[in-house]
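Reviewing the structure listed below.
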Amino acid sequence: MRRSGLASFLLWIGLTLLTLLPVWWMLVVSMRPRVKLYSKSVLIDAVYWDNFLAVLNSATFLRYLWNSMLVATSNAALVCALGLLAAFGLSRYRISGGDNVFFWLITNRMAPPAVFLLPLFLLFTKWFVFGDAMLFDTKIGLILLYCVFNLPFAIWLLKGMLDGIPLELDEAARVDGATTAQVLSNVILPLARPGLAVTFILTWIFAWNEYLFAATLTSSANARTVTTALAEYVSVTGTNWGEMAAMAFLTTLPALIVLGFVQKHIVAGLTFGALKG
Amino acid sequence: MATIELDKVDKHYGAYHALRDISFDIADGEFVVLVGPSGCGKSTLLRTLAGLEDITGGTIRLGGQRVDNIAAKDRDVAMVFQNYALYPHMTVRENMAFALKLRGDTLPDRNAKVDKAAEMLRLTPYLDRYPKALSGGQRQRVAMGRAMVRSPKAFFFDEPLSNLDAALRVDMRSEIKALHQRLGATSVYVTHDQIEAMTMADRIVVLRDGKVEQIGAPLELYDRPANIFVAGFIGSPAMNKLSVKIDLKSNAARLADGSSFSLPPGTRARDGQDAIYGIRPDHWILSRGDQGAPATVELIEPTGAEILVAAQLAGQRVLCAFRERHALKAGDTIALAVDPATAHVFDKQTEQRISP
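In the order they appear, the protein sequences are chains A and B. Using our numbering, the first residue of the first sequence is number 44, and each one after it goes up by one. Using our numbering, the first residue of the second sequence is number 612, and each one after it goes up by one.
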C-alpha cells in the first residue's frame, strides 16, 4: 500500500472509531453495576444484565416502546402514501406554479423546529380541540405532526424517483386501457418501490428518534415515546446511568438493525433519479 | 378494424400552432405513413389520434364514432413507442397481457392470445424474460405483440424503428409490413425516414410546419410531387432543383448560361416566369454529341449498382445517377440531357407544381 493510501486508511479507521466511541461507551455503561460506573477502563469487564432486565421489566418502558413503534410506523406509512400521490402530481402534470409549490414545501424544513414549539403547543391544546378531545398527548397528534415535517422530504425524494420513470410508460398504460389510478398502481408503484422503501425507512427513523416535539406535546404514557423516557432518568435525586444507557441502547437497536439491512438500497434510492435522469 | 376520419384538426401549444387544419380519411385496413422533417407535427398528430394529446379544434372519428373528446383508454387503439415503453417490472408475457388484464379477460383467454401473438413474432422462448434481458429487435417485437394481442381498432407506430441499427431496421421494416398484410389492421405510422415511408405505406401524408403538404400513394408522390418541398423530401438522392426562366417561344426552361431544357408538355407557365426545374438524379441522360447542357464533373462516387456524379451545370451543382459505367473523371466536360416527360416544373414564388 502506498503511503498516501495508508494515511487515508488510518484516517478513516480513526474517524470510524471516533464515531463508534459513544455507542461503545453506551454499551459499556449499560453493562456496569452502579458501583463500578466511574471506573477508568473502557472495556467490558464483566457481563452484567441487571440494567437491561430492569428496563425490560418496566411496564412504562414497554408502553413507551409500543407508542414509538406505532407512531413511527403509522407516520412512515402515511408519509409514503401521501408523498407518492403528491410526487405523482408534481412529476406528471403541468401544474401552474408547480415549481413554487415544490419550493414552498421545502421551506417547511428551513426554520429550526424549536421555532414551531410554542405555536404547536397552543394549537394542540387550544385550537385542535373537539369537545373533550384534543391533539395534545395523543399518538395521532404526533403522527400528524411528524407528517408535516417528513412530507417535504418524502415528496422531494419521490419526485426525483418518479421523474426517472419514463413518461412513455404512463402513456403506454393509458393506451392499454389503464385509468390514472391503474397507471399509479400497476406501473408507477412497482417501479417506485425502492424509493418508497427508502422514504419509509428514513421517515420511520426520523419519527423514532424525534425528541423535542414528543417531549413537549405529550405528557403521559398515553403517547410518550422512548426518546422521552430517556430524559425521565434524569431526576432531582440523581441519574441512573446504567439503566439509562441500557434503555438508550435498546432504543438505538431497531434503527441500527434496519439501517444495516437497507443502507445499500438507501444509497441506490437517493441516487436513482440522478442516474436515470 | 376501423376507418379514421380527421376533419379540420387544429392544435395549439400556447402561441405555437402545432397542427393546422388537417383533414384526411384513412380507409379500413389501410397503412398510412406520416412523414416530414423534425418538428413538422407528425408525432403530435399521431398522439392526438391515440388520445395522448388534446386537440384545439376539429374532430377525429374512429370507426365512425367521434373520439377526440374521449380518453386514450377508451379509444381501443394500440400504440408502439419509439423507445418501446415496455414495463420493466413485468415479464414479456405480462407486458403483452397487461391490456387484456385491464379489460378483464380471463387468464386462459389471455394466455391463448399471448401465446398466439408470441408465436407469430417468434417470441415464444422469451415469454418469461424481463425486457432488460432482450435485444433491441426483440423488445421491438414485444412492443408490437403488446399491440397485437388486443386486436384494437387501429395501430399507431411512433418512429418504432429509429432506435435499431441499420440492418435490423430493414428486417423489422419488412416484418411490420408482412404483419400488416396478415392482420389487415388500420395502421398509422410516423417516421422521418422517407425510405421507410416509401417502402411501407399504402398512402403517405407529407407534413411540414403542422400542415399537410401532399397525400398520395408512394409512387404518386415520387412521380408527381405537388410542390418543391415534397419533391425535395421524397426520393433519395434528392431531386435536383435548377433555377430557370421560362421561355415560352422555344417552349424551354433556360438556365443562366443560356443552355436550356424542354418543358414537359402541358406546363402552365408565363413567359419569363422564374421557375424551378426538377430532375431526379437517375433521370439525367448522358448525351453524346452536341445535344444537352454542358456540365463539368466534380466528383464521382461509384456505389456498384450505379455511379453518382456530382457536376457543375450553369453555376448550379447537380447530382446524376447513371446505371451505365461511364468512364468519367473529375474535370471532364459532359453534356446532360433530359426527357421532358420525366421533368418537374414548379413556380418559384408559390413553390407549387405547374407541370402536369
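Where is the CB? At the ideal position from N, CA and C, for every residue including glycine.
Item, Value
"Quick one: give me the first and last residue of the alpha helix (DSSP H) that M112(A) is part of.", "102-135"
"Check A828(B) in the structure and name its three-state DSSP category.", "coil"
"For the candidate residues L127(A), R267(A), V230(A), A274(A), whose alpha-carbon lies nearest to that of V288(A)?", "A small fix is needed here, since residue 288(A) is Ala in this sequence, not Val. Checking every option, the nearest Cα to that of A288(A) belongs to A274(A)."
"For P162(A), would you say it is in contact with chain B, using Cβ-to-Cβ distances shorter than 9 Å as the test?", "no"
"Return helix, strand or coil for D93(A), following the three-state DSSP convention.", "helix"
"Return no unless some Cβ of chain B is closer than 9 Å to the Cβ of L133(A).", "no"
"So, for L663(B): in the same chain, excluding its five sequence neighbours on each side, which residues have a beta-carbon less than 7 Å away from its beta-carbon?", "A683"
"Under the DSSP definition of a beta bridge, which residues are partnered with R677(B)?", "R672(B)"
"Can you pull the DSSP bridge partners for R819(B)?", "K822(B)"
"Could you give the first and the last residue of the continuous alpha helix (DSSP H) run that contains F236(A)?", "The sequence shown places Arg at residue 236(A), not Phe. It spans 236-252 - the alpha helix (DSSP H) in which R236(A) sits, taken as one unbroken run."
"May I have a chain-ordered list of the beta strand (DSSP E) segments no shorter than 3 residues that lie completely inside the stretch 725-789 of chain B?", "765-769"
"Given a cut-off of 9 Å on the beta-carbon distance, is the pair E824(B) and G647(B) in contact?", "yes"
"Just reading off the alpha helix (DSSP H) that T659(B) is part of, what are its end residues?", "653-661"
"Nearest by alpha-carbon distance to G795(B): which of D804(B), D813(B), Q805(B), E807(B) is it?", "D813(B)"
"Classify R77(A) as buried or exposed, calling it buried when 16 or more other Cβ atoms lie within 10 Å of its own Cβ.", "exposed"
"In angstroms, rounded to a whole number, what distance separates the CA positions of S773(B) and R780(B)?", "8 Å"
"Could you check whether the stretch 686-694 of chain B touches the stretch 635-645 of chain B, counting it as contact only if at least three pairs of C-beta atoms, one from each stretch, sit closer than 8 Å?", "no"
"Does DSSP put R793(B) in a helix, a strand or coil?", "helix"
"Using the beta-carbon of each residue, which ones in chain B are nearer than 8 Å to R217(A)?", "G662, L663, A682, A683, K684"
"Using a threshold of 9 Å, state whether the C-beta atoms of K630(B) and T670(B) are closer than that.", "Correcting the residue identity first, residue 630(B) is Leu in this sequence and not Lys. The answer is no: Cβ separation not under 9 Å."
"List, from N- to C-terminal side, the beta strand (DSSP E) runs of 3 residues or more that fit wholly inside the stretch 870-914 of chain B.", "871-873, 885-890, 895-898, 904-913"
"Is the CB-CB distance between K940(B) and I918(B) below 9 Å?", "no"
"On the DSSP letters alone, give me the boundaries of the alpha helix (DSSP H) that M69(A) sits inside.", "46-73"
"Report all residues from its chain with a CB closer than 8 Å to the CB of H894(B); omit the five preceding and five following residues, and keep chain order.", "V949, D950, T953, A954"
"In angstroms with no decimal places, state the Cα-to-Cα distance between F192(A) and L58(A).", "31 Å"
"When you compare only the Cα positions, how much space is there between E962(B) and L818(B)?", "15 Å"
"Distance, Cα to Cα, I615(B) vs I138(A)?", "33 Å"
"Just checking: is the beta-carbon of Q693(B) within a distance shorter than 9 Å of some beta-carbon in chain A?", "yes"
"Tell me whether L287(A) sits in a helix, a strand or coil according to DSSP, three-state version.", "For the record, residue 287(A) in the displayed sequence is Met; it is not Leu. Helix."
"Taking the beta strand (DSSP E) that N694(B) belongs to, which residues open and close that run?", "Taken as a continuous stretch (DSSP letters only), N694(B) belongs to no beta strand (DSSP E), as it is neither H nor E."
"Anything in chain B within Cβ reach of L227(A), meaning under 9 Å, just list it in chain order.", "Neighbours of L227(A) on chain B: none; closest Cβ ~13 Å, over 9 Å."
"Taking the beta strand (DSSP E) that D142(A) belongs to, which residues open and close that run?", "Careful: D142(A) lies outside any beta strand (DSSP E), inside the alpha helix (DSSP H) at 141-150."
"Which residue or residues does DSSP assign as beta-bridge partners of F840(B)?", "F840(B) is not bridged to any residue."
"Say whether the stretch 172-189 of chain A touches the stretch 251-267 of chain A, bearing in mind that this needs 3 or more beta-carbon pairs closer than 8 Å, one atom from each stretch.", "yes"
"Residues of the stretch 754-782 of chain B with a CB closer than 7 Å to any CB of chain A: list them in chain order, please.", "none"
"Check whether the Cβ of G281(A) lies closer than 9 Å to any Cβ atom in chain B.", "no"
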